[in-house]
Amino acid sequence: MPVFSFMGNASQHPQQVPCYITHTNEKTHDVIRSNLDRSPMYAGVIEGVGPRYCPSIEDKVMRFADRNQHQIFLEPEGLTSNEIYPNGISTSLPFDVQMQIVRSMQGMENAKIVRPGYAIEYDFFDPRDLKPTLESKFIQGLFFAGDRLTALPVTKKPLRKVCWLVLTLPVCLLTKKVGLRRVLRRISAYWLMTCAL
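Residue 1 is where the sequence shown starts when you use UniProt numbering, and the numbers rise one by one after that.
Written as structure tokens, this is what we have:
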């Protein structure tokens, strides 16, 4: 963590790595437009509307057709990694199209894709339809461990829910197997997890 004080010195700052910028271009946009029929978001396979603050590259090209380029931030994945994350081209297009998109941008002509992009669709499960153990009242054995069923950055609140699940799931399994009827009360489990974190 950087030192935000006049009393700190440069040796206390963590090592930094630079980010770079490239841009999409007309060739990039042509590749995207000619493959929209292969995009689950545009072909109707995914029906949800993506977040407005993080549009896919398909959305950027279609919604802002007057723009001849879009800024892409090239962010190193770590201090010792040679992987770069091209922030700004989230996409649901197939791998072969993603390769064409990436390699159409200046400075990326010889890039390799380590992990292709993918699209997810958000949904909602009413918390009133969950038992105190976070098991679904309608689907036996389906447990919810957080706000979403997707891999997103863990904050303390979802982490507590994961801890709750880790504490509760074995109890539920024992209940079904041995016939126990003991479930931690939320307030006790919450206090236990708060102390542990």
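Think of the CB as a built atom: it goes at the ideal place given N, C-alpha and C, for glycine as much as any other residue.
Keep in mind that this is a model prediction, so the values were computed, not measured.
Own chain residues within Cβ distance below 7 Å of residue i, not counting five before or after
i, result
"V102", "P86, M108, A111, I113"
"Q15", "L79"
"I46", "P40, S92, A119, E121"
"G44", "none"
"E26", "N68"
For residue i, the three-state DSSP class (helix, strand or coil)
i, result
"Y20", "strand"
"F95", "helix"
"P86", "strand"
"Q71", "strand"
"P127", "helix"
Span of the alpha helix (DSSP H) around residue i
i, result
"P40", "40 to 43"
"I139", "Element bounds for I139: n/a, residue is neither H nor E."
"V61", "57 to 63"
Whole-Å CB distance - residue i paired with residue j, under 8 Å assumed
i, j, result
"T22", "S104", "Actually they do not touch by this definition, with Cβ atoms about 10 Å apart."
"residue 267", "R38", "Lying before the first or after the last residue shown, residue 267 is absent from the chain, which here runs from 1 to 197."
"D59", "G48", "D59 to G48, Cβ: 13 Å. No contact."
"residue 198", "F125", "For the chain, the structure presents residues 1 to 197; residue 198 sits outside this window and is missing."
First through last residue of the beta strand (DSSP E) which encompasses residue i
i, result
"I32", "It is not in any beta strand (DSSP E) - I32 instead sits in the alpha helix (DSSP H) that spans 26 to 34."
Buried or exposed (CB count within 10 angstroms, at least 16 for buried), residue i
i, result
"H70", "buried"
"V61", "buried"
"Q98", "buried"
"D129", "exposed"
"M7", "exposed"
"S81", "exposed"
"V31", "buried"
"I57", "buried"
"N9", "exposed"
Own chain partners of residue i with C-beta closer than 8 Å, once the 5 adjacent residues on each side are dropped
i, result
"I72", "I21, T22, H23, T24, P86, N87, G88, I89, M105"
"T83", "Residue identity differs from the one stated: residue 83 is Glu in this sequence, not Thr. Excluding residues within five positions, the ones whose Cβ falls inside 8 Å are P76, E77, V114."
"R63", "P55"
"G117", "I89, S90, T91, S92, L93, Q98"
Cut-off 6 Å between Cβ atoms - residues of its own chain near residue i, not counting five sequence neighbours on either side
i, result
"L142", "S136"
"Q100", "V31"
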